[in-house]
Amino acid sequence: MVSCLLGGLVSTSTAIELKSQTIEFTSSPPSPGVVGGPAYSVTASGGGSGNAVTFGIDPSTSSVCTISGSTVSFIGSGTCKVNANQAGSTEYEPAPQKQQSITVVGKAQTIEFTSTPPSPGVVGGTAYNVTASGGGSGNAVTFGIDPSTSSVCTISGSTVSFIGSGTCKVNANQAGNTEYEPAPQKQQSVTVVGKAQAIAFTSSAPTPATVGGPTYQVTATGGGSPNPVIFSIDPSTTSVCTISVSTVTFTGAGTCKIDANQGGTNEYESAPQAQQSVTVVGKPQAIEFTSTSPTAAVVGGPTYKVAATGGGSPNPVTFNIDPSTSSVCTISGSTVSFIGAGTCTIDANQAGNSEYEPAPQATQSFTVAAAPTVITVVPGPGPPPPPPPPGPKPSLGNSNFTAGASSFEPKTGRVIFIETITNPGTFSWLLTFPNGKFALSGRRCGAGLVRLGGKCRPAKIIFAMGSATVPAGVVIFKLRPSPAGLKALRNALRLGKGLRVTATFTFQSSLGGSPVSHTQKITDKLKKK
């Protein structure tokens, strides 16, 4: 209450309490605002005074934003503060100032690399000049090596040098200003390899190597790194060869592969693996026939047991008939049988193993004659030989024949002769032996007779006589004696004396010509065994 003296009168008044009012922003600011970007129209509601809410930029952020009426413009990065006020009236107090903060960022800018890095870079090789474009701030793009790859590359300005193998990472940056944000860092990766190095074998492998034979000393040169060339046997050929440092030993037949490797360093790449192949053969082995081939093999005759020795492998020597002579002979195991005339060839083989090579095939060949013609003559003299054919007589060569062996069978009394002829024809034979001792005392007898016991008797007794037509080839005559011959033969054998038989064979070829005769004496061969 206020009292006052006015004109001598005392006047009393009562104080009036004003209402309060508040401001509420009704617009949402951008989040964030962007320098030079769209303006922001701010709005707010006030209290009951009816006065308009007015806006202003807080002086502390005048470098970040400006306002015209209710339109806020962003001019720099930072925090823009918009103040809102409402005046009072006779009824309302002025509203407390309200403030709205807006984060304002600069314009975005990006970096783009404009240079292409080497693919790959090489340690100590050509340097790389890196370039890139940036955003609108006008600030330069700067380059640096990412610290994680400082052992791989270095940079001076924009020139990148490669000092080690690995991945080189080049970082590019561009600073911002009041209008532009700093550009996000951009990174470019470059694969860097060491200097190349190569391996070259300097030793010549044996051609071929032999299982269990001389070892092989392998040598090779490598690249520029200080690492040595290391040798090993390729896992696929460990059954063929082994190695101790650089000495190769051959343990089996096949292909030996020697791998050569050289490690790398920070400066050099590992050398590509080099490989040397060596052909390894088994120890040689040879086959030797130990059986002598038959010299008188005949079709259907005695078989032949072939035998041979081989080399050092445990495999046996196996035999087979050469296919080209399969019509002449056959084999079962090692027993050869003769089925046709011609040449029989036996092939001998011996397989190898991991230590020995297969033996070279050995062959044994011999002639097989056709089966002989066998003529068995019944006892007694045969008919006289036929007369030679009429007409001209060609060369005597058509009737030639070869007299072969003869033998005697004491049990049957047969005499066996073997003759060989070139052409077919007719054989005739006459076998005789002397009668007694040819005692010629007293009165003489006529021709072809001898006096025995006071009588003239035949000087010779016919042992066998006959003829037969035969084919070309070997002919076996099995001749039985005449009854008189058989009787004389038995007496001679009983007395233990030899019977002196003279055999005359005459052959007439079917081609004509004169007959040819051969005489064979077999006195000693008819003795009793």
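Using the working numbering, the first residue of the sequence shown is number 6, and each one after it goes up by one.
Glycine included, every Cβ here is placed at the ideal spot set by N, Cα and C.
Remember, it's a predicted structure, so these values are computed and weren't measured experimentally.
| query | Nearest to residue 275 by CA position, among 294, 288, 203 and 217, is which residue? | reply | Here residue 275 refers to the residue found at position 270 when the sequence shown is read from its first residue. If we check each option's Cα against that of residue 275, 203 comes out closest.
| C-beta contact flag for residue 404 and residue 514 at 7 Å | Walking along the sequence shown from the start, residue 404 turns up at place 399. Walking along the sequence shown from the start, residue 514 turns up at place 509. In contact: residue 404 and residue 514 (Cβ atoms closer than 7 Å).
| said: Taking the beta strand (DSSP E) that residue 513 belongs to, which residues open and close that run? | reply: As a working mapping, residue 513 is identified with position 508 in the sequence shown. That run of the beta strand (DSSP E) goes 507-514.
| query | Whose C-alpha, out of 350, 357 and 125, is nearest the C-alpha of residue 373? | reply | To locate residue 373, count along the sequence shown from 1; it is residue 368. Among 350, 357 and 125, the Cα nearest to that of residue 373 belongs to 350.
| query | Taking C-beta to C-beta, are residue 522 and residue 507 nearer than 7 Å? | reply | Taking the sequence shown and counting its residues from 1, one reaches residue 522 at position 517. Taking the sequence shown and counting its residues from 1, one reaches residue 507 at position 502. No.
| request: Below 7 Å CB to CB, which residues in the same chain sit around residue 254 once its five sequence neighbours on both sides are set aside? | output: The sequence position of residue 254 within the sequence shown is 249, counting from 1. Hits under 7 Å: 220, 246 and 247.
| message | Less than 7 Å between the beta carbons of residue 237 and residue 273, yes or no? | response | In the sequence shown, counting from the first residue as 1, residue 237 sits at position 232. In the sequence shown, counting from the first residue as 1, residue 273 sits at position 268. Their beta carbons are not under 7 Å apart, which means residue 237 does not touch residue 273 by this criterion.
| Would you call residue 154 buried or exposed, if buried means 16 or more other Cβ atoms sit within 10 Å of its Cβ? | Taking the sequence shown and counting its residues from 1, the one referred to as residue 154 is at position 149. Within 10 angstroms of the beta-carbon of residue 154 lie 16 or more other beta-carbons, which makes it buried.
| query | In this structure, does DSSP put residue 566 in helix, strand or coil? | reply | Since the first residue shown for the chain is 6 and the last is 534, residue 566 is missing from the structure and cannot be characterised.
| field | Alpha-carbon spacing of residue 212 relative to residue 348, whole angstroms | value | Here residue 212 corresponds to residue number 207 of the sequence shown, with the count starting at 1. Here residue 348 corresponds to residue number 343 of the sequence shown, with the count starting at 1. Residue 212 and residue 348: Cα-Cα distance of roughly 39 Å.
| task | Pick out whichever of 49, 361, 488 and 33 has its Cα sitting closest to the Cα of residue 103. | result | By 1-based counting over the sequence shown, the position of residue 103 is 98. Residue 103 has its Cα closest to that of 49, out of 49, 361, 488 and 33.
| Between which two residues does the beta strand (DSSP E) carrying residue 472 extend? | Within the sequence shown, residue 472 is the residue found at index 467, counting from 1. That run of the beta strand (DSSP E) goes 465-475.
| How far does the beta strand (DSSP E) with residue 265 in it reach, from first residue to last? | Translated into the one-based positions of the sequence shown, residue 265 becomes position 260. That run of the beta strand (DSSP E) goes 259-267.
| Between the C-alpha atoms of residue 20 and residue 92, what's the straight-line distance to the nearest angstrom? | To locate residue 20, count along the sequence shown from 1; it is residue 15. To locate residue 92, count along the sequence shown from 1; it is residue 87. It is roughly 21 Å from the alpha-carbon of residue 20 to the alpha-carbon of residue 92.
| field | Sequence-distant residues of the same chain with beta carbon closer than 7 Å to residue 376, five excluded per side | value | Numbered from 1 along the sequence shown, position 371 holds the residue referred to as residue 376. A distance below 7 Å between beta-carbons, with the five flanking residues on each side excluded, links residue 376 to the following residues of its chain, in chain order: 303, 304 and 305.
| task | Please name the residue or residues paired with residue 147 in a DSSP beta bridge. | result | As a first step, residue 147 is located in the sequence shown; it is residue number 142 there, counting from the start. Answer is 178, bridged to residue 147.
| request: Please state if the CB of residue 142 and the CB of residue 97 are separated by a distance shorter than 7 Å. | output: Translated into the one-based positions of the sequence shown, residue 97 becomes position 92. Translated into the one-based positions of the sequence shown, residue 142 becomes position 137. No; because the gap between Cβ atoms is not below 7 Å, this pair is not in contact.
| query | Using a Cβ-Cβ cut-off of 7 Å (strictly less than) and excluding sequence neighbours within five positions of residue 449, which residues of its own chain qualify? | reply | To locate residue 449, count along the sequence shown from 1; it is residue 444. No residues qualify anywhere along the chain.
| Close Cβ partners of residue 242 (< 7 Å) along its chain, the five nearest in sequence each way excluded | Reading the sequence shown from its first residue, position 237 is the one you call residue 242. Closer than 7 Å at the Cβ level, and outside the excluded window around residue 242, lie 259, 260, 261 and 262.
| message | Using a 10 Å radius around the Cβ and a threshold of 16 neighbouring Cβ atoms, would you call residue 485 buried or exposed? | response | Translated into the one-based positions of the sequence shown, residue 485 becomes position 480. Classification of residue 485: buried, given that the 10 Å Cβ count is 16 or more.
| request: Could you please give the first and the last residue of the uninterrupted beta strand (DSSP E) stretch that includes residue 409? | output: As a working note, residue 409 is residue 404 in the sequence shown. Its beta strand (DSSP E) spans residues 406-414.
| said: I need the DSSP call for residue 550, collapsed to helix, strand or coil. | reply: Residue coverage of the chain in this structure runs from 6 to 534, which leaves residue 550 outside it and unanswerable.
| Near residue 47, which residues of its chain fall below 6 Å by C-beta distance, leaving aside the five closest residues on each side in sequence? | In the sequence shown, the residue the question calls residue 47 occupies position 42. Within the same chain, residue 47 has close Cβ partners 32, 60, 75, 77 and 87.
| field | Residue closest to residue 250, alpha-carbon to alpha-carbon, out of 222, 492, 336 and 365 | value | Against the sequence shown, residue 250 aligns to sequence position 245. Ranking 222, 492, 336 and 365 by Cα distance to residue 250 puts 222 first.
| query | Any idea what DSSP makes of residue 484, helix, strand or coil? | reply | Here the question's residue 484 lines up with position 479 in the sequence shown. Here residue 484 sits in strand by DSSP.
| Run through DSSP, which three-state label would residue 242 get? | The sequence position of residue 242 within the sequence shown is 237, counting from 1. Helix, per DSSP.
| query | Could you check where the beta strand (DSSP E) with residue 351 kicks off and where it finishes? | reply | The count along the sequence shown starts at 1 and reaches residue 351 at position 346. Residue 351 -> beta strand (DSSP E) spans 347-355.
| query | How should residue 66 be labelled, buried or exposed, when 16 other C-beta atoms within 10 angstroms of its C-beta is the threshold for buried? | reply | On the sequence shown, residue 66 is found 61 positions in, with the first residue counted as 1. By the neighbour-count rule (16 or more Cβ atoms within 10 Å), residue 66 is buried.
| said: For a minimum of 3 consecutive residues, which ranges assigned as the beta strand (DSSP E) are wholly contained in the region 290-364? | reply: 322-326, 334-337, 340-343 and 347-355
| said: Comparing C-alpha positions only, which one of 105, 225 and 127 sits nearest to residue 35? | reply: Translated into positions along the sequence shown, residue 35 becomes position 30. Among 105, 225 and 127, the Cα nearest to that of residue 35 belongs to 105.
| Since residue 204 is in the beta strand (DSSP E), which residue starts that stretch and which ends it? | Within the sequence shown, residue 204 is the residue found at index 199, counting from 1. Neither: residue 204 is in no beta strand (DSSP E) and is coded neither H nor E.
| message | Considering only their Cβ atoms, is the gap separating residue 159 from residue 166 smaller than 7 Å? | response | For the purposes of this step, residue 166 is taken as the residue at position 161 of the sequence shown. For the purposes of this step, residue 159 is taken as the residue at position 154 of the sequence shown. A contact, by the Cβ cut-off of 7 Å.
| field | Spatial distance of residue 23 from residue 73 (CA atoms) | value | By one-based count along the sequence shown, residue 23 stands at place 18. By one-based count along the sequence shown, residue 73 stands at place 68. Rounded to whole angstroms, residue 23 to residue 73 spans 31 Å at the Cα level.
| field | Selection from 452, 199, 161 and 269 that minimises the alpha carbon distance to residue 134 | value | Within the sequence shown, residue 134 is the residue found at index 129, counting from 1. It is 161.
| request: Tell me where the beta strand (DSSP E) around residue 271 begins and ends. | output: Position 266 of the sequence shown, counted from the start, is the residue given in the question as residue 271. Careful: residue 271 lies outside any beta strand (DSSP E) and carries neither H nor E.
| request: Measuring alpha carbon to alpha carbon, tell me which of 343, 298, 182 and 94 ends up nearest residue 53. | output: The residue labelled residue 53 in the question sits at position 48 within the sequence shown. Nearest C-alpha to residue 53: 94.
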